[in-house]
Amino acid sequence: MTHQTTDTANSEGPRLASVRGISVSYDDRGAGCPVLFVHGHPFDKTMWEPQVRALAGRGYRTIVPDLRGYGRSTVVPGVTSLDTLARDLAALLDHLGLDVVNVVGLSMGGQVALELYRLFPDRVDALALAATNPLPETESGMARRRAMAARLREEGMRGYADEMLVGMMTAENVRNQPAVADHVRAMMYAAPPEGAAAAQLGRATRPDHTLLLRHISAPTLLVVGQHDGFTPPGAPSSCTSASRTRSWRSSRARATCPTWSGRSASTRSCAAFWSRRGRVPATVDRAVERAPDHTEVRSTGSHSSPEARSPSYSTLSSSGPCR
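In structure tokens:
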């Protein structure tokens with residue numbers, strides 16, 4: 184069970200933590216129920232700014248790091264495994280004096296969140312997994328990731344980002360939400376090629392997390408994009424079929440991606456999810472519901488009942504593909 188915590192310094196700017204031989208850049212804002220946000224590839228911590236603005240100061244403490252090799256965190260050449268990224272996050276929690284947190288991850292970030300649970304299950308109170316594939320990589324997928332890593336090291340991020348923008352977002356939403364599209368493009372342009380390549384190589388040999396899901400006890404929310412061209416259609420089903428206990432709730436949200444809008448259905452769904460399980464008071468959930476939407480962002484670098492620990496899976500659809 185997560186406890187209400189506060190960041191006594193409560194600085195608005197990014198910070199650096201020296202952990203496991205690297206520097207991890209992170210933001211720590213708000214007070215209350217601690218939530219760790221884990222970004223996807225090839226993004227950085229600024230992708231969560233809409234969620235931070237919606238949640239921080241409304242009963243949540245938001246911890247938002249740049250993963251190793253991304254944003255302002257240290258770039259380490261070679262291969263960066265999910266195990267390495269998860270242990271970095273655990274060390275960051277140690278640095279912050281946090282024993283237990285709620286964890287939210289997008290795509291690769293969701294895979295890192297699952298790995299964090301595998302390694303340190305007692306430190307994860309609840310999981311929210313957006314556009315997350317728990318399956319191991321296929322042989323053809325391994326080859327694609329290795330080829331992509333070589334390309335990123337040779338050519339850099341710009342060509343890859345230009346090709347991937349429509350895919351990360353629908354073409355319609357790129358046209359209709361230019362500020363969001365500019366932010367997504369800027370994050371991809373700014374990603375360090377060596378760090379992104381190292382993570383691609385690590386994901387090529389990622390573990391099969393469906394085995395983990397057979398034993399998971401943390402309440403888990405699944406967020407999937409209706410037009411997500413990257414997450415295999417059967418991935419959410421494999422999450423629930425692997426679990427011994429299943430509870431599905433479906434809704435639809437018109438959003439470019441499950442994470443690009445502060446008042447998106449995914450943000451509200453997470454807040455409601457935590458509130459129903461006693462992670463925050465219901466008044467906090469209502470405050471998030473009333474929070475102003477923040478979709479234009481800039482790139483910079485209470486106790487629950489015993490049954491709350493049983494697995495609970497919810498799914499949410501959005502109209503945009505997301506990586």
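Heads up: the sequence shown runs through residues 184 to 506, numbered per the numbering used here.
We put the CB at the ideal spot given by N, CA and C, even for glycine.
- Rounded to whole angstroms, the separation of the alpha carbons of E322 and V259 is 25 Å.
- Burial of D271 is indicated by the presence of at least 16 other C-beta atoms within 10 angstroms of its C-beta.
- Burial check for S208: the Cβ neighbour count within 10 Å reaches 16 or more, so the residue is buried.
- Here L312 really is in contact with G288; their C-beta atoms are around 6 Å apart, less than 8 Å.
- Judged by their CB atoms, S290 and G378 are not nearer to each other than the 7 Å cut-off.
- H398 counts as exposed, since fewer than 16 other C-beta atoms from the protein chains shown sit within 10 angstroms of its C-beta.
- A residue is called buried when at least 16 other Cβ atoms come within 10 angstroms of its Cβ; D277 does not meet this threshold and is exposed.
- In this chain, L219 is not harboured by any alpha helix (DSSP H); it is covered by the beta strand (DSSP E) spanning 205–221.
- Leaving aside the five residues that flank V367 on each side, the residues in its chain whose CB is nearer than 7 Å to its CB run, in chain order, L348, M351, M352.
- The alpha-carbon separation between G213 and A326 amounts to approximately 42 Å.
- Judged by DSSP in its simplified three-state form, V363 adopts helix.
- Listed as beta-bridge partners of Y243 by DSSP are C216, A239.
- Contact between G254 and D227 holds: CB atoms are separated by about 3 Å, below the 8 Å threshold.
- For R244 against C216, the beta-carbon gap comes to about 7 Å, under 8 Å, which counts as contact.
- Every beta strand (DSSP E) stretch that sits fully inside the segment 294–361 and reaches 3 residues is listed by chain position as 307–313.
- Taking a contact as a CB-CB distance under 8 Å, the pair L265 and Q294 counts as one, their CB atoms being some 6 Å apart.
- Taking the C-beta atoms as reference points, T393 is found nearer than 7 Å to P317.
- According to DSSP, P248 shares a beta bridge with Y209.
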